[in-house]
């Protein structure tokens, strides 16, 4: 009888020299805690340090971006499904909040919650349709969804105010501008903290391990009993809800909505760019990306005003990240450190030791002093 | 609603559908060859329209003549994009990353157009812009007929090229089974590059056709990419005839719905079709088994 | 325990298909196959290349939906159920070209397996001590416990095969389907895998193995089903199968 005739992969029985335990210098834990504390302190102290209300408002915008891209990362980071249309949920959260306040006289923050709940309900059928087929169709639906919402919100004048936009009643009418920024700065920071905490809980949970296995090999994951369809949907809805919270808070803060901005593809692409730049596999990756890209964007707006230049810069930066460092800054820096400690062959996947260090480092540079974000590469 | 109005809507729908079909064929080529979802396709469409407008403004020649420049130019750009950018991506994450990469290209094009020509709406002044033909009582603008003729002719050429030439055979072999194609001696990298070039050439032709009777502005491509994406999904990702049929059907549907709903709402037909397709028939209506795998 | 298992074997089949058919655009890969696999045994599924074994495997485990026919696991239908439900029902499987999660560590690879989907369990830390110990147990069992912290993509092919097996075992399946466990690995490792299969079988696990390595099939299997052109043409004990003229004909294409 014939024996094996299937040309399998070449047999190479080289034994990998395995580390006996995750190599983590003894000082690393303390460094991480210190960095986390310093980072958090910096974030909290920023409104006091900020020289003027303009810088403070830029801080609010950056925190908003951080919330959005961390929210995006619930889907993109865990499952590897990249949505370019998450601006849809940003817009829905913002308009939902505004419309609930205006039309149903709900208290501002109740409206904010109800809007997020409604977004969750909308995200379910959209998620089911988008996740029916893998990869390509998901992206197509995500883009189509934001385009269709843009159409609807522009055209449905009676309800949404169309292109004229919509003003949102202020939740704290008595506050002066700087105070208003300061309050919202802390609200955004709190929201970000919640999002990060939830991401962290999922990251270390069994559910998170299952989601990450979907990113690696969906069929294999399913064959090991992971209910991939349901899990992807849960991640998608969670992601939509956090982005919606970000949008709703933006509406309450900014007080003025315009469909072109709220449902712009560009906002969605910022989320992707920020998360990717920082590192989608890392808790603080999207935050780091938001600080870098957000500061750059604010700086551009200040220096060059409203030109098309930010489009080009965003495009080039996105291209560079995708081509040369799809894992983001954090793993790149981490690899640098691991190499120096004689562990070049095997990269450890323990929780990011250098995240906080990085975050703290870039948090110090929050007032934008970087000349040009477009050409920036890994240090 | 009079019968002639209805007829006119159908004719205009078919004419528009022809243009959609050509562009969707280009998108299908990229996806078929390399599993690339080319978001920048519509941006190149708008770029071609801008080139036609610019050449017309600078030299005063008919925009159709700009094809002589734009088609070869876009072909080369397509080959370069494939060889220099897309082929660098890792196969495992190719589809997702190619979306981001081509999205980045689209942003650069949009930003570049805005930078060079500002956001002002542009339109080519044509002597025959308002001429129209009377077909069975329906008024059909000549420019739309020219655009359709151009699209139909290119689509026919593309079909003949794919069906009857050696290159077409190699391309189809690469689409159907890359490894097998390599084994029989086809240089799949080169074929993929040329396929990309061909796809982008359809954008050049489409853009010129578009420039004849459309007002153009840098962010116009977002209005095109959505419907085009919907068309290739409804047609069953990877199937050119499927995409062409879906394009015609949806083009006519859009045109008919414009009568009661107005142009903006009528556009939602694409997204509704997309949504329904994925819900009830994710492999598309006319396509093969390709879709399920991606 | 042994007696009970033997009793089970006579009472119900472990896995049974009835008239299962799957065609791919005109090519019939599985053609009305009705097959029984025995509870508590090491079942072999052999056949020439292209005889539909892998398609059969994929239909049974839900990766592909069969066009017609049904699949029964311990007399309950699992036809057209999703792969994850089938996995949680107790059928684990490996893939022909072994598949692991390349960018997860060996340990994380094992922690993926889901047996229960209750929310409480799913939100618990993946690294809970009990699970880690269980995982280390399986890693020791297949002999790659020293690689616990290595990323799966840095393992050799043979090690990946062992890792895949450990990952499947982590789901505590009652029935394990292996698609070419000996494919592409060296003789020493084949021996190791065979020993493992025997031990696990003695502990009560049923095996269904697709394999080209006849030596392994003949020494390991209690019961062999031969596939040709998408359907079974013979079945029985390995010694009998070996002498069956229909089997020789199918293989040699006389």
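Protein chains in written order, with the working numbering: chain A, 37 to 415; chain B, 130 to 423; chain C, 99 to 352.
The beta-carbon is built from N, C-alpha and C at its ideal position, and this holds for glycine as well.
Computed from a prediction, not measured in an experiment: that's the story for all the values here.
Of all the alpha helix (DSSP H) runs that stay within the bounds of the segment 315 to 365 of chain B, which reach a length of 4 or more residues? Entirely contained in the segment 315 to 365 of chain B, the alpha helix (DSSP H) runs reaching 4 residues are, in chain order, 317 to 342 and 350 to 363.
Around the C-beta of residue 317 of chain C, are 16 or more other C-beta atoms found within 10 angstroms, so that it is buried, or is it exposed? Taking the third chain and counting its residues from 1, the one referred to as residue 317 of chain C is at position 219. Exposed, because fewer than 16 other Cβ atoms sit within 10 Å of the Cβ of residue 317 of chain C.
If we ignore side chains and look at the alpha-carbon of each, how far apart do residue 271 of chain C and residue 129 of chain C end up? Start at 1 with the first residue of the third chain, and residue 271 of chain C comes out as number 173. Start at 1 with the first residue of the third chain, and residue 129 of chain C comes out as number 31. Rounded to whole angstroms, residue 271 of chain C to residue 129 of chain C spans 28 Å at the Cα level.
When you check each C-beta in the segment 245 to 256 of chain A against every C-beta of chain C, which residues fall closer than 8 Å? So the list reads 245, 246, 248, 249, 252, 253, 255 and 256, given in the order they occur along the chain.
Using DSSP bridges, identify the partner residues of residue 307 of chain C. Within the third chain, numbered from 1, the residue matching residue 307 of chain C stands at position 209. C:142 and C:276, per the DSSP bridge assignment.
Anything in the segment 267 to 280 of chain A with a Cβ closer than 9 Å to a Cβ of chain C? List those residues in chain order, please. Legend: CB atoms of the segment 267 to 280 of chain A lying less than 9 Å from CB atoms of chain C belong to residues 267.
List, in order along the chain, the chain A residues whose C-beta lies closer than 7 Å to that of residue 396 of chain B? Along the second chain, one-based indexing puts residue 396 of chain B at 267. Within chain A, the residues near residue 396 of chain B are 187.
Quick check on DSSP: helix, strand or coil for residue 216 of chain B? Taking the first residue of the second chain as position 1, residue 216 of chain B is located at position 87. In the structure shown, residue 216 of chain B sits in a helix (DSSP, three-state: H, G or I).
Got a sec: which bits of the segment 174 to 201 of chain B sit with their beta carbon under 7 Å from any beta carbon on chain A, in order along the chain? Against chain A - using a Cβ distance shorter than 7 Å - the segment 174 to 201 of chain B contributes no residues.
Assuming the contact rule is C-beta atoms closer than 8 Å, residue 180 of chain A and residue 358 of chain B should be a hit. Round their C-beta distance to whole Å, please. Position 144 of the first chain, counted from the start, is the residue given in the question as residue 180 of chain A. Position 229 of the second chain, counted from the start, is the residue given in the question as residue 358 of chain B. Contact between residue 180 of chain A and residue 358 of chain B holds: CB atoms are separated by about 6 Å, below the 8 Å threshold.
By the 9 Å beta-carbon criterion, what residues does the segment 362 to 392 of chain B contribute toward chain A? Residues passing the 9 Å Cβ filter: 362, 366 and 391.
Could you spell out where the beta strand (DSSP E) holding residue 166 of chain B opens and where it closes? Reading the second chain from its first residue, position 37 is the one you call residue 166 of chain B. Careful: residue 166 of chain B lies outside any beta strand (DSSP E) and carries neither H nor E.
Within its chain, find whatever has a CB closer than 8 Å to the CB of residue 175 of chain C; leave out the 5 residues flanking it on each side and keep chain order. Here the question's residue 175 of chain C lines up with position 77 in the third chain. Setting aside the 5 residues that flank it on each side, residue 175 of chain C is surrounded in the same chain by 168 and 169, each with a C-beta closer than 8 Å to its C-beta; the list follows chain order.
Between the segment 133 to 148 of chain A and the segment 167 to 177 of chain A, are three or more C-beta pairs nearer than 8 Å? Contact annotation: the segment 133 to 148 of chain A does not touch the segment 167 to 177 of chain A, with fewer than three C-beta pairs closer than 8 Å.
Thinking just about the alpha-carbon of each residue, which of C:198, C:140, C:279 and C:153 is nearest to the one in residue 121 of chain C? Taking the first residue of the third chain as position 1, residue 121 of chain C is located at position 23. Nearest option by C-alpha distance: C:153.
Taking residue 264 of chain A as the query, report the chain C residues whose CB atoms sit under 9 Å from its CB, ordered along the chain. Here residue 264 of chain A refers to the residue found at position 228 when the first chain is read from its first residue. Under the 9 Å cutoff, chain C gives 180, 181 and 182.
Short of 7 Å in beta carbon distance, which residues of its chain neighbour residue 241 of chain A, apart from the five on each side in sequence? Order them along the chain. Here the question's residue 241 of chain A lines up with position 205 in the first chain. So no residue of the chain qualifies.
Could you work out which residues of chain A lie near residue 200 of chain C, taking near to mean beta carbons separated by less than 9 Å? As a position in the third chain, residue 200 of chain C is number 102, starting the count at 1. 252 and 253, listed in chain order.
Taking the alpha helix (DSSP H) that residue 383 of chain B belongs to, which residues open and close that run? Position 254 of the second chain, counted from the start, is the residue given in the question as residue 383 of chain B. Here the alpha helix (DSSP H) through residue 383 of chain B covers 369 to 390.
Residue 65 of chain A (DSSP reduced to helix, strand or coil): Start at 1 with the first residue of the first chain, and residue 65 of chain A comes out as number 29. Helix, per DSSP.
In angstroms, rounded to a whole number, what distance separates the CA positions of residue 386 of chain A and residue 345 of chain B? Here residue 386 of chain A corresponds to residue number 350 of the first chain, with the count starting at 1. Here residue 345 of chain B corresponds to residue number 216 of the second chain, with the count starting at 1. Confidence at residue 386 of chain A is low in this model, with a pLDDT of 28, below 50, so its placement is unreliable and the value that follows should be read with caution. Here the C-alpha atom of residue 386 of chain A lies approximately 52 Å from the C-alpha atom of residue 345 of chain B.
Pick helix, strand or coil for residue 120 of chain C, following the three-state DSSP scheme. Translated into positions along the third chain, residue 120 of chain C becomes position 22. In the structure shown, residue 120 of chain C sits in a strand (DSSP, three-state: E or B).
Would you say residue 265 of chain B lies against chain A (beta-carbon separation less than 8 Å)? Indexing the second chain from 1 puts residue 265 of chain B at position 136. Taking Cβ atoms only, chain A never reaches closer than 8 Å to residue 265 of chain B, which makes this a no.
Identify the contact partners of residue 211 of chain C in chain A, using a Cβ-Cβ distance below 7 Å as the criterion. Mapped onto the third chain, residue 211 of chain C falls at position 113. Here the neighbours are 260 and 261.
So, are the CB atoms of residue 144 of chain A and residue 207 of chain A less than 8 Å apart? The residue given as residue 144 of chain A occupies position 108 in the first chain. The residue given as residue 207 of chain A occupies position 171 in the first chain. Going by beta carbons, residue 144 of chain A and residue 207 of chain A fall inside the 8 Å limit.
Taking 8 Å as the cut-off, decide whether the C-beta atoms of residue 175 of chain B and residue 215 of chain B are in contact. Counting from one through the second chain, the residue named residue 175 of chain B turns up at place 46. Counting from one through the second chain, the residue named residue 215 of chain B turns up at place 86. No, these two residues do not count as a Cβ contact at 8 Å.
Under the three-state reduction of DSSP, which class applies to residue 191 of chain C: helix, strand or coil? The residue labelled residue 191 of chain C in the question sits at position 93 within the third chain. Annotated three-state conformation of residue 191 of chain C is strand, per DSSP.
Could you tell me which chain C residues have their CB closer than 7 Å to the CB of residue 300 of chain A, listed as they occur along the chain? Here the question's residue 300 of chain A lines up with position 264 in the first chain. Listed along chain C is no residue with a C-beta nearer than 7 Å to that of residue 300 of chain A; the closest approach is about 33 Å.
Would you call the segment 203 to 219 of chain B and the segment 318 to 336 of chain B in contact, with 3 or more CB pairs under 8 Å? With a cut-off of 8 Å, the segment 318 to 336 of chain B and the segment 203 to 219 of chain B count as touching, because enough Cβ pairs lie within range.
Which residue or residues does DSSP assign as beta-bridge partners of residue 115 of chain C? Start at 1 with the first residue of the third chain, and residue 115 of chain C comes out as number 17. In the DSSP assignment, residue 115 of chain C forms a beta bridge with C:133 and C:169.
Where residue 193 of chain C meets chain A, residues with beta-carbon distance less than 9 Å: Here residue 193 of chain C corresponds to residue number 95 of the third chain, with the count starting at 1. The contacting residues are 255, 256 and 259.
Should residue 291 of chain A and residue 204 of chain A be called a contact, given that it needs their Cβ atoms to be closer than 8 Å? Within the first chain, numbered from 1, the residue matching residue 291 of chain A stands at position 255. Within the first chain, numbered from 1, the residue matching residue 204 of chain A stands at position 168. One thing to note: residue 291 of chain A has its Cβ within 8 Å of the Cβ of residue 204 of chain A.
Can you tell me whether residue 412 of chain B is buried or exposed? The criterion is at least 16 other CB atoms within 10 Å of its CB, across all chains shown. Taking the first residue of the second chain as 1, we reach residue 412 of chain B at position 283. The residue in question, residue 412 of chain B, is buried, as its Cβ has 16 or more Cβ neighbours within 10 Å.
Check whether chain C comes within 8 Å of residue 237 of chain A, counting only Cβ atoms and requiring the distance to be less than that. For this step, residue 237 of chain A is matched to residue 201 along the first chain. Residue 237 of chain A has a beta carbon lying within less than 8 Å of a beta carbon in chain C.
Give the secondary structure of residue 169 of chain A by DSSP, where H, G and I count as helix, E and B as strand, and everything else as coil. Locating residue 169 of chain A in the first chain gives position 133, where the first residue counts as 1. Annotated three-state conformation of residue 169 of chain A is coil, per DSSP.
Selection from B:320, B:293 and B:145 that minimises the alpha carbon distance to residue 306 of chain B: Taking the second chain and counting its residues from 1, one reaches residue 306 of chain B at position 177. Residue 306 of chain B has its Cα closest to that of B:320, out of B:320, B:293 and B:145.
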